[in-house]
Amino acid sequence: MPQSPKQPKARRIMRPADAHAAQIDAELNQMLKPDSAVEANRLCLACGLCCNGSIFSRVGIEKREVEAIAAIVPVWEQESGDVAFSQPCPAWTEGKCGLYAVRPGRCASYICKLQGLVMNGAVSGAAGEKIVDAAVKQAAALRDRVAAYTGKEPQALNLRQFHKEFHPKAMKKAKSGELTLMEQTLVRECYLFLKLQDRYFSETSLIKQYAFILQQIDYFANGEG
Ligand code: SF4
Ligand code: SF4
1 MPQSPKQPKA
11 RRIMRPADAH
21 AAQIDAELNQ
31 MLKPDSAVEA
41 NRLCLACGLC
51 CNGSIFSRVG
61 IEKREVEAIA
71 AIVPVWEQES
81 GDVAFSQPCP
91 AWTEGKCGLY
101 AVRPGRCASY
111 ICKLQGLVMN
121 GAVSGAAGEK
131 IVDAAVKQAA
141 ALRDRVAAYT
151 GKEPQALNLR
161 QFHKEFHPKA
171 MKKAKSGELT
181 LMEQTLVREC
191 YLFLKLQDRY
201 FSETSLIKQY
211 AFILQQIDYF
221 ANGEG
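Counting along the sequence shown from 1, when you hit position 187 you're at 187 in full-length UniProt numbering, and nothing is skipped either side.
Printed below as a string of structure tokens:
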């Protein structure tokens, strides 16, 4: 007797309301995990973006912290008279803070957006790790690009400082369609990293500046209207 063809199993289609409920369940599960604070803290081991000059150009320190920190890291006085040290922080090595016991209050109290999202349950620890991985890779790609453009060592770069000098120059050249291909690629790499930075780590108005430059590049590439 011929066998009747196997019927494919009916697949349950997830309706938008079900998907929303599932997302709320996942967020509640994550929020009610007592170790979400530990998960958030562990992200730093594979990240370091707030220590290695990718996001910030310097760290301000209190007067009472100067002696302990100056013994390990070169410090300097800002125009305001406040003391700071430059990033990349020399104390950041192999995913660890070499100043952990005496690290400045600003470092100890800093919580980036992603850590906050993991702590409050909006993002799982595993998803947080994937975001860190993507951001670290994008920062490395940008470092390589900036290093090729400036002739500096990728690891010694202070990306924040680079933006200060590069984006006004790029903006000016973009307005007259004079950006070289290398500069156009660099603008794209800056924009990609800043998107990740703005969404998951620290807000930045630079994203709008680079978006405008990209729009100018497109304007000159695809006809001037
Ligand atoms: S950017 Fe956030 S996750 Fe990365 S090292 Fe700093 S605090 Fe940790
Ligand atoms: S002192 Fe530690 S936490 Fe602060 S920037 Fe340096 S490596 Fe990062």
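C-beta atoms are modelled at their ideal positions from N, C-alpha and C, and glycine is treated no differently. Model, not experiment: these values are computed from the prediction.
For G48, the secondary structure class from DSSP, reduced to helix, strand or coil, is coil.
Relative to ligand 2, V59 has its C-beta within less than 7 angstroms of a heavy atom.
With a beta-carbon spacing of about 5 angstroms, F85 and V73 fall inside the 8 angstroms limit used to define contacts. Note on geometry: alpha-carbon atoms of G128 and V118 lie some 7 angstroms from one another. The Cβ atoms of C51 and C89 lie closer than 8 angstroms to each other. Remark: fewer than three beta-carbon pairs, one from each stretch, lie closer than 8 angstroms, so the segment 58-65 and the segment 32-40 are not flagged as touching. Put simply, the backbone Cα of V146 is about 7 angstroms away from that of P154.
At least one heavy atom of ligand 2 lies closer than 7 angstroms to the C-beta of P104. In this structure L196 is in contact with A134, their Cβ atoms being roughly 7 angstroms apart against a cut-off of 8 angstroms. Beta-bridge pairing by DSSP links G60 to A84. Per DSSP, reduced to three states, the secondary structure at T93 is strand.
Taken atom to atom, the span from the alpha-carbon of A17 to that of L43 is near 32 angstroms. For M31, the enclosing alpha helix (DSSP H) begins and ends at P16 to M31.
Counting only runs of 4+ residues, the alpha helix (DSSP H) found wholly inside the segment 99-164 occupies 105-109, 113-119 and 125-150, in chain order. For E183, DSSP assigns no beta-bridge partner whatsoever. The closest heavy atom of ligand 1 lies 7 angstroms or more from the beta carbon of C107. Close to ligand 1, as judged by a C-beta nearer than 7 angstroms to any of its heavy atoms, are the residues L43, C44, C47, G48, L49, C50, C51, I55, Y110, I111, C112, L114, Q115, V132 and F201, in chain order. Inclusion of A91 in the 7 angstroms shell around ligand 2 follows from its C-beta lying nearer than that to a non-hydrogen atom of the ligand. E77 is bridged by DSSP to V83. Relative to the Cα of A170, the nearest Cα in the group T185, K130, A156 and L192 belongs to T185. The beta carbon of L157 sits no closer than 7 angstroms to any heavy atom of ligand 2.
Cβ neighbours of F193 within its own chain (closer than 7 angstroms, five residues either side excluded): Q138, A139 and L142. Secondary structure of E178 (DSSP, three-state): coil.
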